[in-house]
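Note sheet for the following structure.
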Amino acid sequence: MSKMRMMGLLAGVAVMVGAGSMAMAADLTQPVAPAPEAESSLTPYSPWQVRARALGVIPMDSGSVNGIAGSDLSFNNSITPEVDFSYFFTKNIAAELILGTTSANVNGSGSIAGLGKLGKVWILPPTVTLQYHFTDFGAFQPYVGAGVNYTMFYDQKATGSATKLDVNNTFGAALQVGFDYMLNEHWGLNVDVKKYYLRPDFEATVGGTKVKGTAKLDPWLVGAGVTYRF
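Heads up, the sequence shown is in numbering that gives the first Met the number 0, so the first residue is 0 and it goes up one at a time.
In structure tokens:
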């Protein structure tokens, strides 16, 4: 091989090696995209959540009629469906809107027990609570909450010796504790207990006499149902 051909071959190899080195250097300078973080199988895809529960309503049997010593009132327990909608501002902080309605019989008690059943009312207490959710226990996710309700009384009917019954709408406070047990990223089981502080004023006509007083309902609401996270 002539000297000129040998020098040409070496020059070509040098050019190829140089080009490959430059390409490798360019590749090394490209930013490397970080590997996506693995998401928990229990993390919701959106901040929205909905629940459906069967709810036991257990009122505190108390109240009074103005001017009648020893007067008291009692109310029946009930079972009703409930639905709520939650929005998570963060993984721990959520607001919940609680919707449900039930009926209650109003009965005389104490010194007016002889009056028996005085009427029946339907109760609609839409409630908003602010909750803190604990997320360090895997599928078991407890929470606590507090909020306010505005309770409306409708379809009121006086019975027996009462010819008129008018229970006033009122605001009340609410406390809440419960937990979700998530079966997967969307579905879970829920247990929830709430305490409402609900003391509406009322007016009634009993035996032709107009009376006023306060019904101290203050019910416990004990529910169980299902959770769905979007």
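Heads up, the beta-carbon is just placed ideally off N, CA and C, and yes, glycines get one too.
All figures in this text were calculated on a predicted structure; none of them were measured in a lab.
Could you tell me the distance, in whole angstroms, from the CA atom of Q48 to the CA atom of S77? 26 Å
Report buried or exposed for I97, applying the criterion of at least 16 other Cβ atoms within 10 angstroms of its Cβ. buried
For A139, which residues from the same chain have a beta carbon less than 6 Å from its beta carbon, with the 5 sequence-adjacent residues on both sides left out? Reading off the sequence shown, one finds Phe at residue 139, where the question assumed Ala. Answer for F139: Y180, listed in chain order.
Report the residue from N65, T158, A53, F74 whose alpha carbon sits nearest the alpha carbon of D83. A53
State the Cα-Cα distance for the pair F152 and T204, rounded to the nearest angstrom. 17 Å
Buried/exposed call for K211, threshold 16 Cβ in 10 Å: exposed
Nearest neighbour of N258, chosen from R50, K119, T169 [CA to CA]: The requested residue 258 is not part of the displayed model; the chain covers only 0 to 229.
Per DSSP, what are the beta-bridge partners of R50 in this structure? D83, T226
C-beta atoms of L177 and V192 nearer than 9 Å: Reading off the sequence shown, one finds Gly at residue 177, where the question assumed Leu. Yes. Within cutoff.
Bridge partner(s) assigned by DSSP for F242: The first residue shown for the chain is 0 and the last is 229, placing residue 242 beyond what the model contains.
Is the separation between the beta-carbon of G109 and that of G115 shorter than 9 Å? no
Candidates N91, T89, V56, N65, of which the one nearest F74 by Cα: V56
L197 by DSSP, collapsed to three states: which one? coil
A94: which of Y142, T101, G113, M59 sits nearest, CA to CA? Y142
So, at 7 Å on beta carbons, what are the nonlocal neighbours of G224 in its own chain, with the 5 sequence-adjacent residues on each side left out? R50, A51, R52, A53, N189
Enumerate in chain order the residues of its own chain whose CB-to-CB distance from T162 is below 8 Å, with the five nearest sequence positions on each side excluded. T204, V205, G207
Could you compute how far the alpha carbon of V166 sits from the alpha carbon of T79? 21 Å
Cutting at 8 Å between CB atoms, please list the residues of its own chain near V120, excluding the five before and the five after it. S102, A103, V105, F152, Y153, D154, Q155, K156, L164, V166
Quick check on I122: buried or exposed, where buried means 16 or more other Cβ atoms within 10 Å of its Cβ? buried
Counting only the same chain and skipping the five closest in sequence on each side, list residues whose C-beta sits under 6 Å from that of E202. D165, K211
For I230, the first and last residue of its enclosing beta strand (DSSP E): Since the first and last residues shown for the chain are 0 and 229, residue 230 lies out of range.
From T158, L117, Y227, residue whose alpha carbon lies closest to that of L280: As displayed, the chain neither begins before 0 nor continues past 229, which places residue 280 out of reach and without an answer.
Going by DSSP in three states, G62 sits in which element: helix, strand or coil? strand
Mind checking who Q130 pairs with in its DSSP beta bridge? A93, G144
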